[in-house]
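1 is the number of the first residue of the sequence shown in the UniProt record's numbering; add one for each residue after it. Step one of this worksheet: look at the structure below.
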Amino acid sequence: MAAGFKTAEPLEYHRSFLKENCRPDGRELGEFRTTTLNIGSISTADGSALVKIGNTTVMCGIKGELANPPVDAPNKGYIVPNVDLPPLCSSRFRPGPPGEQAQAASQFIADVIEGSAVIQKEDLCIVKGKLCWVLYCDIMCLDYDGNLLDACLIALLAALKNARLPEVTVNKETEVPEVNLENRRSLNIHKHPVGASFIVFDDSIMIVDPTAEEESLSTATITVVTDEEERLCALHKPGGTSLSGEKLQDCISRATTRHREVHKLIDKVIQSAKTPK
């Protein structure tokens, strides 16, 4: 009976739970799903991370390549994020070029990288005007069940913290770069941006960490990104119901709490990876 009601009237089905201040999966309205993290699982990448928020599973691989710095910024390198939503992660995605949601997610990640200064692009310069690193940050969703942006950001941050680039020197006589794969160093992470996503249900009820089904029934979605200094790095709200200043402030304060939890999780996983087994 419940399954039939859920299929025929998904909105009413969810409302019946929300009246009791809970959700179909048993969570409270302000409760995030269990978040787990693994790092360093892609041996061919310079850094990698696998994140699960509930069923949503996202993997990020970092690959460094040598290039010429931009002409207008000869002392900087590049960071190139790309979010991939292949058909294997959900039946809603089709094969072929990136769809609208994947493009929007890639742009969002690029904006957060820029706005939060997670990495100073000057740190990626090897020889001013001649040689720099390009960091390709490939983020792939393996299982889509809502709240993609939060998972992408955690995966990106953990993979950047896991990444180690080889030492590069330029031969003075030949001016050819020489790469020492044995000698690697970590990236200098300046800020730790973490996202918290919410949806608005029936124009009024705020829910955190939505599932794909909850997202499809929402009247608005919002992602708040903060750093460890409780600074607001990005606010992403593509249309939908307008939010009062009070509700927005509530989202920001919940996002700072979420930041502390995620930061602690990343630190714990990074530390345990360093500890000899």
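We put the CB at the ideal spot given by N, CA and C, even for glycine.
As DSSP reads the structure, G195 sits in a beta bridge with V225.
Nearest in C-alpha terms to V112, of all of K274, K19, A273 and K191, is K191.
Taking all protein chains shown into account, K121 has 16 or more neighbouring C-beta atoms within 10 Å of its C-beta and is therefore buried. DSSP, reduced to helix, strand and coil, places D143 within a strand of the structure shown.
Within the DSSP bridge table, the entry for P81 names C137 as partners.
Annotation for S48: the continuous beta strand (DSSP E) segment containing it runs G47 to I53. Closest option to S43, judged by alpha-carbon separation, among A159, E214, V83 and P193: A159. One thing to note: Y136 has its Cβ no nearer than 9 Å to the Cβ of I39.
Here N162 carries a helix assignment [DSSP, helix/strand/coil].
Taking S253 as reference, the option from G239, R231 and P238 with the minimal CA-CA separation is R231.
Leaving aside the five residues that flank S218 on each side, the residues in its chain whose CB is nearer than 7 Å to its CB run, in chain order, I199, V200, F201 and P210. Around the beta carbon of G77, 16 or more other beta carbons lie within 10 angstroms, which makes this residue buried. Measuring C-alpha to C-alpha distances from T241 to each of I205, K268 and Q271 identifies I205 as the nearest. Taking each of K268, G26, T35 and G30 in turn and checking the Cα distance to A151, the smallest one comes out for T35.
Rounded to the nearest angstrom, the gap between the Cα atoms of H263 and T226 is 11 Å.
Counting along the chain, the unbroken beta strand (DSSP E) around G64 starts and ends at T56 to A67.
Look at L181 here: in three-state DSSP terms it is strand. In terms of Cα proximity to K237, the closest of E228, I222, E246 and E182 is I222. Residue burial is scored here from C-beta neighbours: L187 has at least 16 other C-beta atoms within 10 angstroms and is therefore classed as buried. Per DSSP, reduced to three states, the secondary structure at H236 is strand. DSSP places V262 outside any beta strand (DSSP E); the residue lies instead in the alpha helix (DSSP H), whose first and last residues are G245 to K274. About 18 Å separates the CB atoms of S116 and N82; that is not less than 8 Å, and the two are not in contact.
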